[in-house]
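Counting with our numbering, you get residues 25 to 1000 for the letters of the sequence shown.
For glycine and all other residues, C-beta sits at the position ideal for the given N, C-alpha and C.
Some notes on the structure that comes next.
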Amino acid sequence: MPPCLAVIVPCYNEAGTIEEILRRILARSEVAEVVVVDDGSTDDSWQRLQTWSGRDPRLRLLRHPHNRGKGAAIQTALPHLRAPFVLIQDADLEYDPADYPRLLQPLLEGRAEAVYGTRFGPGARARTPLWHRGGNWLLTRIARGLTGLPLTDEATGYKVFRRELLQSLTLQERGFGFCPEVTAKLARLGARVVEVPIHYQGRSRAEGKKIRWRDGLEAVRCLWRYSRPPRLPGSSQTPPSLPHAPAEETVSAAEPRRLPGWVWVLPALAYGWGLVWATGLVPEWGRWYSASPYYRQQVAAMLRGDLALSRDPADLRGDLCWSEGGVHQVWGLGVPLWRLPFELLARALGFTPFPDMLALAAAFVVAGWLLLSALGELLLPSGPGSSQKQAARASLRWWALGGLGACLLAFPPLLRQLRTNFEVYEEAVVYEYLLGLCLIAALLRLACCPTPARFWVLCGLAGYGMWIRPTLVFHGAAAVLAGMVGLWWGNAVAGGAAAPMVSGNCPGPAASGRRRWWGPVLIGATLYGLAGGGLYLANLLRFGGGFEFGHRLNIQPGIYGNMYSTRFDYPFQDEPFYRAAAELFGFLFLPKKPTYAFWLHSDAIPTLSPTPRWREVSNETYDFGYLAWVLAGWGAAGLCLWRLSRSRWRGCPAAAVAPTAAERSGQTPLGPHDSTASRPPGIRAEASAPGPGVPHVELGNAAPKSNLPSSPSETHNRSEKPATSRVISRAMGMLGIFSFLATAALAAFYLRVCVISTRYMMDFMPAFAGGMLAAALAGMQQLERTRRPGLWAGVSVALLAAWWTWDTTQGMKAGQRPRIRTWDQVQAEAARERRRPVRIPPEGAYHSPAEAAAAGMLQHGCGWHPATGELMPCVYIFVKDPVFLELDLEPNPQSPIPADPHGLRAKVGLEFLRLESVEPTPEGWRVRFAGPRKARYQRGIQPVFLATVPRAFVHQSANLPWRLVRVRWREPAPSP
């Protein structure tokens, strides 16, 4: 091999190895010149180098007066080089000059402009510590994500370049940042980079290795900096032509690929763990258990193979229910299912139970990662661009990603929930919002690349959501419908890859596309249906009804009107639409006065209806700003869908062509080769000229790749994404559909619901967040059309931060903190709870309220007054093996409520009992109901619910019409 290689040897304190490495280098016949730069060594490296002066005419010695860094040494040597190829050789003997021929071969054959010697690719032999190998792997993954070069070893010290290319890069980094800088700039120029396996013998720190962990962080900074678009005065920048490269392999302006999803893991971790700490959910180490034990108990029950928290009726507590022979919680199985793997891990490690708040933090991390990665895929440009306008637009996208991600992840209503007592009620709502963020992220990813796999993930998330909270049924169904629409408008799907629904370039519908659309949609709908079917079965096993979530069975001592409304009927169900809508609007958007548990109150909300309904105003919800923002999102989404509809159905011109890669990324063509004037109709731009594309890396001696298709049949790229603006428009449309449908369904559900609370209004958070995101994307598109989009983006984010700060503080209760416990505190509280044994009379009768209270199961607050026997509007008692239900009643003549015995109603569990007879007695009336018809209610302990007043008086709590003297449910057993 003729001499053609210039070797640069940076040297700093390498007195022990510098002479040996020079011997090995100068022994190579392919070496034309060697430039050694002593970088201010403090040992006798320079003295040893001077002994080599004059020994070989190929050797030149240079020196820095003080240490300036490896990059500075390379910059010093570059002007002195004349050979066509340049290699960087460390002076520490870690790299073997015997690999020079292998490194030069791709350059001599014209297959590359740069060659990297990989220490970790196939065929390489490297001895290096595990920590060093792991750090290199992580850095290489980051480099691949930022530059688009599928490298296996970015940090390798063996890099060979064409001299003109290296001298044209305008190197800036003085230290170890040379390697990431040159990698990023090569990718930006579209240079062809080849990797070949090499030999590597790593040193330890004791032997003089100079790389430290902070150099890894510096490398990430350099990759980030030099992968970003430069602010250049011109409209475009054409990369330099490379000599010694065939014409068909000239350098193109390479587009770095989008950031991979795992890049967002670190921000998501910081978000999840930082949020639980900042909001007081983990105030100190070891204090991370909720004061509400029910999710923990549900996980423990699942691990022992049971759905009931307990089979002992003495364990019944307020807001729990007794059904199907066990104690059950009513806040869903989705959160316990999420916690289940963590609990299994804790038990495997000997630590149980797993901390509640750490499981919640993990949910924050997952939701944060999904949302940030989806926003990154949607917003971040796939190419760096080179003009000032493109750089400004990229800056705008980064501002948008940061502002929108922070706003959604730290949604003010969410933060207000985290600053409450944070018991199981609030915890369920928080998990609901996190699942909603996951649905939004899945919609964004589906908009970016409409494939069946992504649609199925969306359907799976939607199906899981209904296990967390019943109202997520509405969000899940809305998300699935939005995904179906996005799939239709984007692409039909087949075989797991996106395929156009049309032939050629015409955007009109095709029958084959519709058929390809139906298959994945049916599979996704089946996944969603299977999740719903599983939930139906679980509800049937827990509560005796597939559509029952326990809210018609839970025991609420003291809240008798509430129980009446959920088990029987309520006056608000006939409320006129305009008054019901006005009240719901007030709960959502109007100022409120905190008021706990009221039926009628004129000061709590201005638009309250005069009709009785159990209400609670405990915190702020939303305001007119949210309303305007959401409406703007719906309007923008509707406009996008209308435009997509027009472009899809009106047909297309005969000469229409697909957008080029430059057009998709917003770049201008690099030269005459990218002109579309001579392109045949129906052929993509990538087929007619080597336009911008992702740079490729060849490994070993593989045949060179070309960015051009080899035949017209290869011109269609099935994984190709449409124009960025069209993707964002599709995302806006899908978000608008999701937000509108979910909001409409929730509004219809809560319009005349029997009980309402500001806490229930938090169910709107995912729907509102989706609408607000659609509006923000529309605003971002408008800002991109301004002259200074980066400036306006910064102003917009500043205004968003100011609004967020103000809104977050609204409704915060002074001094209220989450009720978080240590495990010792949890056990102490459990020990203090007195478990009263359950003693239901075997003769099948309660002869007084005191006897019922003594039986246990919270019957001391069942609505049967212990002193007077007065009955509340709704009464619950527990019976065993009921055959009938017989009530001995005494009317209260002082009550203004009519005492009509025929108006009494009774239920056992979910079954209404038939009224059999009403007979007068000396005290008043004896009312008898038939026994339950369903076998599940005929055996064991069963809850009985009584409605004692007409529904118009459901809110009354005094001077009620009935006193209960005795209740029987079966005949006494005969004496032996």
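*In its own chain, which residues sit with a C-beta less than 8 Å from the C-beta of Ile583, not counting the 5 before and 5 after it?*
Ala621, Trp638
*Where Leu496 and Tyr318 are concerned, what is the direct C-alpha to C-alpha distance, given to the nearest angstrom?*
20 Å
*Inter-residue Cα distance where the pair is Asp116 and Leu46*: 11 Å
*Could you have a look at Leu209 and say whether DSSP puts it in helix, strand or coil?*
Per the sequence shown, the amino acid found at residue 209 is Lys instead of Leu. Helix, per DSSP.
*Rounded to whole angstroms, how far is the Cβ of His979 from the Cβ of Pro636, which I believe are closer than 8 Å?*
4 Å
*Per DSSP, what kind of secondary structure is Tyr455 in: helix, strand or coil?*
helix
*Which residue or residues does DSSP assign as beta-bridge partners of Thr846?*
Arg311
*asked:* Helix, strand or coil, according to DSSP, for Ala656 in the structure here?
replied: helix
*Excluding the five sequence neighbours on either side, which residues of its own chain have a C-beta within less than 6 Å of the C-beta of Val61, listed in chain order?*
Pro34, Leu86, Ala97, Thr100, Ala101
*For Thr892, which residues from the same chain have a beta carbon less than 8 Å from its beta carbon, with the 5 sequence-adjacent residues on both sides left out?*
Arg987
_For Lys94, the three-state DSSP class (helix, strand or coil)_ = helix
*Out of Val968, Phe592, Phe185, Gln840, point me to the one whose CA is closest to Asp905's CA.*
Val968
*So is Asp848 buried or exposed if we call it buried at 16+ other beta carbons inside 10 Å?*
exposed
*Hey, quick one: how far does the alpha helix (DSSP H) through Gly329 stretch, first residue to last?*
It is not in any alpha helix (DSSP H) - Gly329 carries neither H nor E in the DSSP assignment.
*For Ile222, name the three-state secondary structure that DSSP assigns.*
coil
*With a CB to CB cut of under 7 Å and the five nearest residues on each side skipped, what residues in its chain are close to Leu240?*
Before going on, a small fix: residue 240 reads as Gly here, not Leu. Excluding positions up to five away in sequence, the list reads Gly159, Leu163.
*asked:* Excluding the 5 residues flanking Gly568 on each side, which residues of the same chain have their C-beta closer than 7 Å to its C-beta?
replied: Ser347, Glu348, Gly933, Leu934, Arg960
*Sort Val359, Thr376, Leu170, Gly374 by Cα distance to Ala386 and report the nearest one.*
Val359
*Have a look at Cys462 and Ala332 and give me their C-alpha separation to the nearest angstrom.*
29 Å
*Close-in-space but distant-in-sequence residues of the same chain around Tyr646 (CB under 6 Å, 5 per side omitted)*: Leu612, Phe613
_Can you find the residues in the same chain that come closer than 6 Å, C-beta to C-beta, to Ala208, ignoring five residues on each side of it along the sequence?_
Thr171, Leu247, Tyr250, Ser251
_Asp44 burial status per 10 Å Cβ neighbour count (16 or more: buried)_ = In the sequence on display, residue 44 carries Glu and not Asp. Exposed.
*Look at the alpha carbon of Asp68 and the alpha carbon of Arg812, and state the distance between them as a whole number of angstroms.*
56 Å
_Contact check, Gly556 vs Asn563, beta carbons under 8 Å_ = no
*Could you spell out the range, first to last residue, of the beta strand (DSSP E) harbouring Ala619?*
Checking the sequence shown, residue 619 turns out to be Thr, not Ala. Run containing Thr619: 619-622, per the beta strand (DSSP E) assignment.
*Exposed or buried, which one is Ala628 when buried takes at least 16 other CB atoms within 10 Å?*
buried
*Roughly how many angstroms lie between the CA atoms of Glu38 and Pro130, to the nearest whole one?*
31 Å
_Counterpart residues of Phe969 in DSSP-defined beta bridges_ = Tyr900, Lys931
*asked:* Which same chain residues end up closer than 6 Å to Gly507 when comparing Cβ atoms and leaving out the 5 residues on each side of it in sequence?
replied: Leu470, Phe479, Leu482
*Determine, using beta-carbon pairs with one atom in the stretch 749-757 and one in the stretch 660-670, whether at least three such pairs fall under 8 Å.*
yes
*beta strand (DSSP E) runs wholly inside the stretch 36-63, at least 3 long, in chain order*: 55-63
*Expressed to the nearest angstrom, what Euclidean distance is found between the alpha-carbon atoms of Ala997 and Arg845?*
49 Å
*Report the residue from Cys886, Arg165, Val819, Ser763 whose alpha carbon sits nearest the alpha carbon of Asn586.*
Cys886
*asked:* Between the alpha carbons of Asp63 and Ala30, how many angstroms are there, rounded?
replied: 19 Å
*How would you call Asp787, buried or exposed, if buried means at least 16 neighbouring beta carbons within 10 angstroms?*
buried
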